Structures are given as C-alpha cells and as structure tokens.
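Once you know that position 21 of the sequence shown is 695 in the working numbering, the rest is easy, because the numbers rise by one and skip nothing. C-beta: ideal position from N, C-alpha, C; glycine also. Source: prediction; values computed, not measured.
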Amino acid sequence: MRKPPHPSPTRPLAPHERLVRGNPPATAVDTADPEAWIDHDRRVRATTARGGASTSPGSGTEGPGAEVLGPGDRAFDPQWDEGARDVTWTDFPPTEPETALALCHHRWQVREAAVPFAAGRPALLPLLLLRCADGRAPVRERARRTFGVALDGPGAAERAAALVPLAVQLALRPHGGPGLALVLAAAPALPSSLPARLLASPRPRARLLGVGLCLHRGLLPPARLTELILTAEDPAVRRLCTDALLARVSAGDPHRLLDPLLIASSAATRSSAVTALHRAGRGPEALGHLADPSARVRTAARLVARLEGADPWASYRERCADPVAPALPPGAVFGLAESRAPDAAGLLRPLTRHPEGRVRAAALAGLRMLDAVSIDELMAAMDDPHPPVVRTARKALTPYVLLVPEEWLAALVNPARPTHVRRAGLRLLGAHSLGLRKRVLAGMEEDQDAEVAHEAQRARYEPLPPA
C-alpha cells in the first residue's frame, strides 16, 4: 500500500510577514528585545530588495497554527514609483503596519517618505530610532528631527528609557551616536533594571558601552560592581568596573570594598586591588600577597611593600631559607628568583629537592630564569615523578637537545618509563634529527601509549631530507 505523502513542515511567520498581513507592530515584533527590531529591519530590507514583501494565501507560509489572511485582511507592500518619484501606498495616510514596513524599505526614498508618518505612533519609535542611524543623510536627518519631537509630551521619559538598550546597540554604528544622545536627553532617570538588560546584549562592545552608561548614571552600586568584577565574561567590562570600584575606595576602606577583589580569580583584578592598598591606608597587607601565584600581583605587592618601607627580598629569603619547609608557596620561590639577588641561586638550588613537586618545579624554573642551571641538573630533573618538574626541565633542555647523549634521549621513551617522562622525551626527540627519531621509535607503532604509537608511525613514513 502506498504511503501518504508526508506533510510539509510549517514555520511560524516572521515579524515582517505579520506586518504584511496587517498585524500591528506591538504584536508582530518582540518589542522588549532590541535585537528583534534590528533583525526586523534587516529582514524587511532584504525582502523588499528581492521584489516585494506581500504575502498572500497559498504562498507556502500557511499551516496549522500559522496566521492566515482573512476576508477583511489586506497585504501591504509599499513600493517606490520611479516615474512619479513617490511611494505607492496601499492607504493614505499609511497604516501603522505599512509605515513599519516602509521605514525599513531597501529604497532610501521610501524610508525617508515614511518618517513623518511615524510621528504620533509610539509603537514605531524603535524603527524611527533605527532611521536616526540610517546610512543615508537625508533619512537620518529627517528622522532625528521627527524623533526629537516624538519624544516630547507626557510619558516621554518612560518611552525614552525603554529605548535605551536599542539606542546603545545602534550607537556602535557610524551614525548612531546622535540617536543615543536624543534618548538620554529625554530620559533623565533610568530604571534600576537597565544594567541587566544592557548586559544581556550579545555584542561585547554594546555590553561595555552599556556598563559605561550605567556608571555615568550611577546605576551600579558597589555590591553590583563587585559582582560584575567577579563574574562578568568580558575582560574590558571587568577592568571598567574595577577602576570604578577602586575610585570609590576611601582612606581606611571602611566598607571593605577591596576584600573581594584581593581574592578574585583574575590576576589583573588582584593586582589592581593590591596596588590600591597603599591609597586605602592598608599598605602593610601587601606583604601577604608577595607569594601570589601571578607574577603581575607579586610585582604590585613588591611595589606597595617598598612604599611602606618594607624589604620584600628579605621576606622571600626568610621563606625560602629552609629547603624542606612545609607549605612553602611556589609564588615565594618565583618571587625569590625575580629578586635577582646575588644569593638567590644558592637558595633555589636546595629547593629543587623539596618534598613537594610544585616547589621543585618552581625552583627549577627560577634557576632557569637566573640562567644558573646546568644541563646535567636538567637531565637529572627529567626523572622527577612530578610532571610539572619534567615539563619545566624539558622546556629548558629543548635548545640544547643536540648536546645531550643520544642513548640517554632514547631511554626516555622506553616503555618502562612513566607516561609523563615518555611524552616529554617525544618532544625532545621532535627537536632532534629525524634520523634519530626513526631509530628510536622503530617498532613502537603498536605501543600502548597512543601518542607514542602515533609519533612512531609518523616518523616511519616521514621521508628523510636529501643529503
């Protein structure tokens, strides 16, 4: 038995298609979403450029749940008559849906002709604001005059405040600044919910501009600033909020504004907070950040410590004097190396045998920073059970890989060695000659370590360079 044909999938009508069918903008477009207006403008312009926006029954957009033209519905499609040099309106004056379509038409003459009909229609203010940033000078100049008049009168402040998110989005365009200025001039007071709406924008530059606007209008209290510093995904937003919050820190920091920033996950935030300790009268607390994991924070802490008359190098020496000191932070070891003191290398070398692997890796990296480590010491560190120590030694050995014995290099990838040692050996072999790689990895194509097997197969089929 022949199966019945599968019904074709249906789709909901787009906003511009609802306008074509006569629906008012308030129900055709998601008025609370500024992106919806921008998308509507783009879709209508593309549709009219293809030859019209009218949708009639039987055009393929109907289906269960879709809106269908009724007997009294009309399809609106404003067109530009080149001979008459005028717009052919379906009704005159044009209805609100037809004006909404004409304001987004691909012909700039149609957009300019539709601007006066948007006056007195609050639902069309978003589209009128879009035209204030139009690429055609006659359109945007006429739209700005009309928009300025439309914002006057009762309820203008509320209407203007609702347009701020869209105005911020449009301010990123070459001609969008005046529209934002008109909106802000008509909205002396902005709602407290505005920061959340501006931060919901998908455009990072719009989020940054929105935060700057909220800071200028005083809509971000210290608690909200701290939350943005700790949770915002944009580094530029975090920096802007950090600068704004630090500007509010007073002597003694009575409100303890710096405390959350000093333990933030961002090194840039922590360093800014540490630097502000001196201005807040809490400079001695910087000594507690000398061993921070970030070099940027350690540098800021040393600066503040010197401003307070303390000697950061003495603190580093005291912490690193005992080669088996428990709970020694690796940041203190790095700080000692950054001091470049004459006795720094002598204190770091015993720490390469510290019981904790992180301290051994930091000591080895510090000796490398001071250029005080030998090839023999690096070769010995390649047997360390802690992977970061082996990784540090491998990075230091790579420039000198041609100076190490080939037998020792081949032994690193022996199947009996730990995985992290074998993989470090693979990278050292990669810095050596292809001939040695072929000899060492021969027969390891079926190795249990997938990375070793892959490198062995690659070395097997890689051709040797001509002699």
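Quiz item: What are the boundary residues of the alpha helix (DSSP H) that P986 is part of?
Solution: In the sequence shown, the residue the question calls residue 986 occupies position 312. P986 -> alpha helix (DSSP H) spans 986-994.
Exercise. Could you tell me whether the Cβ atoms of P708 and P839 are closer together than 8 Å?
Key: Your numbering for residue 708 matches position 34 in the sequence shown. Your numbering for residue 839 matches position 165 in the sequence shown. Cβ distance < 8 Å, so P708 and P839 count as in contact.
Practice problem: Kindly list the residues whose CB is nearer than 6 Å to the CB of A960, restricted to its own chain and excluding five residues on each side of it in sequence; keep chain order. | Solution: Here residue 960 corresponds to residue number 286 of the sequence shown, with the count starting at 1. V948, L951, A975, V978, A979, listed in sequence order.
Quiz item: With a CB to CB cut of under 7 Å and the five nearest residues on each side skipped, what residues in its chain are close to F791?
Solution: In the sequence shown, the residue the question calls residue 791 occupies position 117. Answer for F791: P767, P768, T773, listed in chain order.
Quiz item: According to DSSP, is V761 helix, strand or coil?
Solution: Within the sequence shown, residue 761 is the residue found at index 87, counting from 1. If DSSP states are grouped into helix, strand and coil, V761 belongs with the strands.
Quiz prompt | L1077, buried or exposed, once every other Cβ within 10 Å from all chains shown has been counted against 16 | solution = For the purposes of this step, residue 1077 is identified with residue 403 of the sequence shown, where counting begins at 1. Answer is exposed; the Cβ neighbour count stays below 16.
Quiz item: Under the three-state reduction of DSSP, which class applies to Q783: helix, strand or coil?
Solution: On the sequence shown, position 109 is the one that residue 783 refers to. Q783: helix per DSSP, three-state reduction.
Self-check item: As assigned by DSSP and simplified to three states, the class of S733
Solution: Here residue 733 is taken as the residue at index 59 of the sequence shown, counted from 1. Residue confidence is low: S733 scores 38 on pLDDT, short of 50, so the model does not pin down where it sits. Its coordinate-derived value is still stated next. S733: coil per DSSP, three-state reduction.
Exercise. Would you please state the rounded distance, in angstroms, between the beta carbons of V1063 and G1031? I believe it to be under 8 Å.
Key: The sequence position of residue 1063 within the sequence shown is 389, counting from 1. The sequence position of residue 1031 within the sequence shown is 357, counting from 1. With a Cβ gap of about 6 Å, V1063 and G1031 count as contacting.
Quiz prompt | Within-8 Å CB hit, L825 to chain D | solution = In the structure shown, chain D cannot be found, because there is only a single protein chain.
Practice problem: Can you say whether Y990 is buried or exposed, counting buried as having 16 or more other CB atoms within 10 angstroms of its CB? | Solution: The count along the sequence shown starts at 1 and reaches residue 990 at position 316. Buried, since its Cβ has 16 or more Cβ neighbours within 10 Å.
Self-check item: N-terminal and C-terminal residue of the alpha helix (DSSP H) that L804 is part of
Solution: As a working mapping, residue 804 is identified with position 130 in the sequence shown. Segment 799-805, the alpha helix (DSSP H) holding L804.
Quiz item: Taking the alpha carbon of F821 as the point to measure from, which residue in T722, P800, R970, R1113 has its own alpha carbon closest?
Solution: Sequence index remark: in the sequence shown, residue 821 carries index 147 (1-based). With distances taken between Cα atoms, F821 lies closest to P800.
Exercise. Could you check if L1138 is buried or exposed, using at least 16 other CB atoms within 10 Å of its CB as the buried criterion?
Key: Along the sequence shown, read from residue 1 onward, the residue named residue 1138 stands at position 464. It is exposed - the Cβ of L1138 has fewer than 16 other Cβ atoms within 10 Å.
Exercise. Check the C-beta distance from S945 over to R970 and give it rounded, since I have them as a contact under 8 Å.
Key: Position 271 of the sequence shown, counted from the start, is the residue given in the question as residue 945. Position 296 of the sequence shown, counted from the start, is the residue given in the question as residue 970. That belief holds up - the Cβ atoms of S945 and R970 are roughly 5 Å apart, short of 8 Å.
Practice problem: Could you check the C-alpha separation between R1134 and V1087 for me, to the nearest Å? | Solution: On the sequence shown, residue 1134 is found 460 positions in, with the first residue counted as 1. On the sequence shown, residue 1087 is found 413 positions in, with the first residue counted as 1. Going by the C-alpha atoms only, they are around 16 Å apart.
Quiz item: What is the DSSP secondary structure of Q753, counted as helix, strand or coil?
Solution: In the sequence shown, residue 753 corresponds to position 79, counting from 1. Residue state, collapsed to three classes: strand.
Practice problem: Output yes or no for whether 8 Å exceeds the beta carbon distance between R805 and V823. | Solution: As a position in the sequence shown, residue 805 is number 131, starting the count at 1. As a position in the sequence shown, residue 823 is number 149, starting the count at 1. Taking 8 Å as the Cβ cut-off, R805 and V823 do not qualify as a contacting pair.
Quiz item: In whole angstroms, what is the alpha-carbon distance linking R816 and E786?
Solution: Counting from one through the sequence shown, the residue named residue 816 turns up at place 142. Counting from one through the sequence shown, the residue named residue 786 turns up at place 112. Cα to Cα, R816 sits roughly 7 Å from E786.
Self-check item: Buried/exposed call for A1001, threshold 16 Cβ in 10 Å
Solution: Numbered from its first residue, the sequence shown carries residue 1001 at position 327. The residue in question, A1001, is exposed, as its Cβ has fewer than 16 Cβ neighbours within 10 Å.
Quiz item: Run through DSSP, which three-state label would M1053 get?
Solution: Along the sequence shown, one-based indexing puts residue 1053 at 379. Of the three classes helix, strand and coil, the one that applies to M1053 here is helix, per DSSP.
Quiz prompt | Beta-carbon contacts of A1036 that lie in its chain and below 7 Å, excluding the five residues immediately before and after | solution = Taking the sequence shown and counting its residues from 1, one reaches residue 1036 at position 362. Taken in chain order, the residues that qualify are P1004, V1007, F1008.
Quiz prompt | E1129 - DSSP class collapsed to helix/strand/coil | solution = On the sequence shown, residue 1129 is found 455 positions in, with the first residue counted as 1. Helix, per DSSP.
Quiz item: What residue ranges within the stretch 940-981 form continuous alpha helix (DSSP H) runs of no fewer than 4 residues, ordered along the chain?
Solution: 941-953, 969-981
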